[in-house]
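Only one structure is covered here, and it is reproduced in the block below.
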Amino acid sequence: MSVIIDNFDVFTGGFWITLQICILSAIGALILGGLMAVLRISPVPPLRAVGTAYVTIFRNLPLTVVMFFAAFGLPTLGSNADFLRIPVLDVVFTRLGTDLPYFRFAIIALTLYTAAFVCEALRSGVNAVSPGQAEAARSLGLTFIQNLRYVVLPQSWKAAAVPLGSVIIAMIKNSALVGFFGVVGDLSSAADQLTSAGGFPFIPVAIGISIGYLIMTVPLGMYLDRLEKRQAVAR
Amino acid sequence: MRIKRVATLAAVAALTVGMAACGGDSEETTGGDKDFAAGSTMEKLNKAQKLRVGTKFDQPGFGQKGLTDTPEGFDVEVAKIIADELGIPASKIEWTEAPSKVREDVIVNDNVDLVVATYTINDARKERIAFAGPYYEAGQNIMVKADDASITGPDSFKDGSKKVCSVTGSTPAEEIKKYVKDVGSQLTLFDTYDKCRDALRSGQVDAVTTDNVILLGYIAKDEGEFKLAGENFTKEPYGIGVKKDDADFRDWINTVLEKAFEDGRWQKAWDNTAGKFGAELGAAPTVNRY
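As they're listed, the protein sequences go chains A and B. Residue 174 is where the first sequence starts when you use this note's numbering, and the numbers rise one by one after that. Residue -17 is where the second sequence starts when you use this note's numbering, and the numbers rise one by one after that.
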């Protein structure tokens, strides 16, 4: 156990990088997933087709394959993901602004993959709202967007909160793969570094990184539980 | 007449038994003429006629398993020399894959008897296991594109503009962190060297760093595309990992290595494997008896 205490800076450095990746990917996935969910439930068939195509592709490709395409396919297409070098953000998230594109590629891959699952989680919440609500809103003359905003989505939150939470927690754990695709110093490659080059025994190091991931996922789970209770519409 | 017949039959029978006995002896000489101290690891292995070796399956020239049953390479040949001295034929060696992360664990947990897997000797590892050897001195080096003259050694990374790639958890990755100005914007790590080579090829990084023999394997495969930049800048002595408290076995392996350095088996093992990449073997290292 002294391994954890002696190398605490390695663990905290890894925790911070993984936290950055997870925050940025979560924001991206929620925005993109929300957009795709709206596309999938829209009354316009071409938009529905776009949403369905997106979900079919990214829900069914393994995350490793998506990361492969991001890390090695994007450079072949000539892109360094420079559009993600957002000026204000890269003061806090320093790796966003560097010449090395692999941090941005990892975020793109995680976002695209998780957005498909976020879309489906939100859509399952929308499906749980009884169709009479949408019909009543339509008959009152609300447009599609007004319908979603004032009637359907507020009621869908109760059913969508739990799957959405699971999806985000799964994304936090999936971020462990970024160490294999060019990102230096995230939490699980800290384990690699300590056990291979450092020669420390594996079990204390594994306990250390498990605690790191639990620090990220357990509060998120508890927060979602509270949100679910607060937002639930009385039936 | 009868006596002659009986005598002939007896002579023939005696000759047959004699020949069978001769046949029996030649089968026993591989195990029989090795003499070890009672109770030592060598004697136990010799009696069991089985040696469990951990090696790499994915390092060209040192330990690489292709489509055949057993891996091939310099490390594999060194293990075979040790098995031969133990009186165990090469076919009775049990090869286990020992990727970098688990090399100490497989020794400590007694999954293998020894580990020969591009295993750099360092003090942190000596806390859990013991090393015999070294049997080869590699060195860390840098591989760049063939037309790139701007990187001449590890100091070229100090100004912060050049990007370098290595593999997660390797000692070269830790070493290059000392020369790089800012880890986050200059160093990238993948899980295999193939990915580093692809990143170098497409220009995402300017250099790949690891032990020189691994780099030479890639330079040999991708003719003319890459080159080494400068000289080796560290010493990576490769050792044979054994259990920490087995001093006799360690000593005995050191003696075997010294013999192999002198009688040409070590040189021959190199020429048949990693030597094909054009790397020089150099002088035999001095084994470290501690």
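Even for Gly, the Cβ is constructed at its ideal location relative to N, Cα and C.
Please identify the residue among A364(A), G371(A), D398(A), E401(A) whose C-alpha is closest to the C-alpha of I384(A). Nearest option by C-alpha distance: A364(A).
Exposure label - F139(B); buried when at least 16 CB within 10 Å: Buried is the label assigned to F139(B), since at least 16 other Cβ atoms lie within 10 Å of its Cβ.
For F322(B), go through chain A and note every residue whose CB falls closer than 8 Å to its CB, in chain order. Because chain B is modelled from -17 through 272, residue 322(B) falls outside the range shown and cannot be assessed.
At the level of alpha carbons, what is the spacing between F184(A) and I280(A)? The alpha-carbon atoms of F184(A) and I280(A) are separated by roughly 21 Å.
Quick one: list the residues of chain B neighbouring L273(A), beta-carbon separation under 9 Å, in chain order. Near L273(A) (Cβ distances below 9 Å), the residues of chain B are K145, G166, S167, Q168, L169, T170, Q186, V187.
Using the Cα positions of S369(A) and V324(A), report the straight-line distance between them to the nearest angstrom. Distance between the alpha carbons of S369(A) and V324(A): 55 Å.
Count the other C-beta atoms from every protein chain shown that fall within 10 angstroms of the C-beta of D57(B), then say buried if there are 16 or more, exposed otherwise. When all chains shown are included, D57(B) counts as buried.
DSSP three-state call for Q46(B): helix, strand or coil? DSSP places Q46(B) in strand when its eight states are reduced to three.
Against R268(A), what residues of chain B qualify as contacts under a CB-to-CB distance less than 9 Å, listed in chain order? Neighbours of R268(A) on chain B, chain order: G166, S167.
Who are the Cβ neighbours of G6(B) in its own chain at under 6 Å, not counting the five residues just before and after it? Model confidence at G6(B) stands at a pLDDT of 43, short of 50, so the residue's coordinates are unreliable and nothing is read from them.
Do the stretch 258 to 272 of chain A and the stretch 303 to 318 of chain A meet, that is, are 3 or more Cβ pairs less than 8 Å apart? Verdict: no, contact absent.
Would you call the stretch 355 to 364 of chain A and the stretch 56 to 70 of chain B in contact, with 3 or more CB pairs under 8 Å? Look at the beta carbons and you see the stretch 355 to 364 of chain A not touching the stretch 56 to 70 of chain B: under three pairs across the two are nearer than 8 Å.
Please state whether the Cβ-Cβ distance between S184(B) and T249(A) is less than 8 Å. Yes, Cβ-Cβ distance for S184(B) and T249(A) is below 8 Å.
Boundaries (first-last residue) of the beta strand (DSSP E) holding N123(B): In the DSSP assignment, N123(B) falls within the unbroken beta strand (DSSP E) covering 122 to 127.
Counting C-beta neighbours from all protein chains within 10 Å, is the total for P42(B) 16 or more, i.e. buried, or is it exposed? Around the CB of P42(B), 16 or more other CB atoms lie within 10 Å, so the residue is classed as buried.
By alpha-carbon positions, which one of F188(A), S303(A), S329(A) ends up nearest to S361(A)? Checked all of F188(A), S303(A), S329(A); the closest Cα to S361(A) is F188(A).
Specify, as a first and last residue, the run of the beta strand (DSSP E) that K209(B) falls within. 208 to 210 is the span of the beta strand (DSSP E), which, as asked, contains K209(B).
Going along the stretch 234 to 252 of chain A in order, which residues come within less than 7 Å of chain B, judged by CB to CB distance? Residues F245, P248, T249.
With a floor of 4 residues, list each alpha helix (DSSP H) that falls wholly inside the stretch 47 to 79 of chain B, ordered by position along the chain. Within the stretch 47 to 79 of chain B, complete alpha helix (DSSP H) segments of at least 4 residues are found at 56 to 67, given in chain order.
Residue range of the beta strand (DSSP E) that P274(A) falls in? Per DSSP, P274(A) belongs to no beta strand (DSSP E) and is neither H nor E.
Spatial distance of I235(B) from A20(B) (CA atoms): When rounded, the distance between both Cα atoms is 17 Å.
Which listed residue (R296(A), S348(A), K346(A), I345(A)) has its alpha carbon closest to that of K331(A): Of the candidates R296(A), S348(A), K346(A), I345(A), the one whose C-alpha sits nearest the C-alpha of K331(A) is R296(A).
Alpha-carbon spacing of Y396(A) relative to Y286(A), whole angstroms: Using only the alpha carbons, I get a separation of about 23 Å.
Give the DSSP-derived three-state secondary structure of T192(B) in the structure shown. Here DSSP, grouped into helix, strand and coil, assigns T192(B) to strand.
Answer with buried or exposed for L197(A), where buried requires no fewer than 16 other C-beta atoms within 10 angstroms of its C-beta. By the neighbour-count criterion, in which 16 or more other beta carbons inside 10 Å mark a residue as buried, L197(A) falls on the buried side.
Establish whether the CB of S362(A) and some CB of chain B are separated by less than 8 Å. In terms of beta-carbon proximity, S362(A) lines the interface with chain B, with at least one pair separated by less than 8 Å.
Going straight from the alpha carbon of D17(B) to that of V269(B), what length do you get? Near 23 Å, if we compare the C-alpha coordinates of V269(B) and D17(B).
From which residue to which residue does the beta strand (DSSP E) around V94(B) run? Careful: V94(B) lies outside any beta strand (DSSP E) and carries neither H nor E.
Cβ-based neighbour list, G55(B), same chain, cut-off 6 Å, excluding 5 preceding and 5 following: Result list for G55(B): G43, F44, G45, Q46, T255, in chain order.
I'd like the span of the alpha helix (DSSP H) that includes R232(A), first residue to last. Looking at the DSSP string, the run of the alpha helix (DSSP H) that includes R232(A) is 218 to 233.
Taking Cβ-Cβ distances shorter than 8 Å, what residues in chain B pair up with Q366(A)? Near Q366(A) (Cβ distances below 8 Å), the residues of chain B are T150, G151, A155, E156.
Around the Cβ of E9(B), are there at least 16 other Cβ atoms within 10 angstroms (buried) or fewer (exposed)? Because E9(B) sits at a pLDDT of 41, beneath the cut-off of 50, its placement in the model cannot be relied upon, and the point is left open.
Throw me the rounded Cβ distance for the A168(A) and V223(A) pair, which I believe falls under 8 Å. Residue 168(A) cannot be examined here, being either before or after the span of chain A that is shown, 174 to 408.
Within 10 angstroms of the Cβ of M344(A), are there 16 or more other Cβ atoms? Answer buried if so, exposed if not. Per the 10 Å Cβ criterion, buried.
How close, in whole Å, do the beta carbons of I342(A) and G394(A) come, if the pair is a contact with beta carbons under 8 Å? Sure, about 6 Å apart at Cβ, within 8 Å.
Identify whether S339(A) lies in helix, strand or coil by the three-state DSSP scheme. In the structure shown, S339(A) adopts helical secondary structure according to DSSP, grouped into three states.
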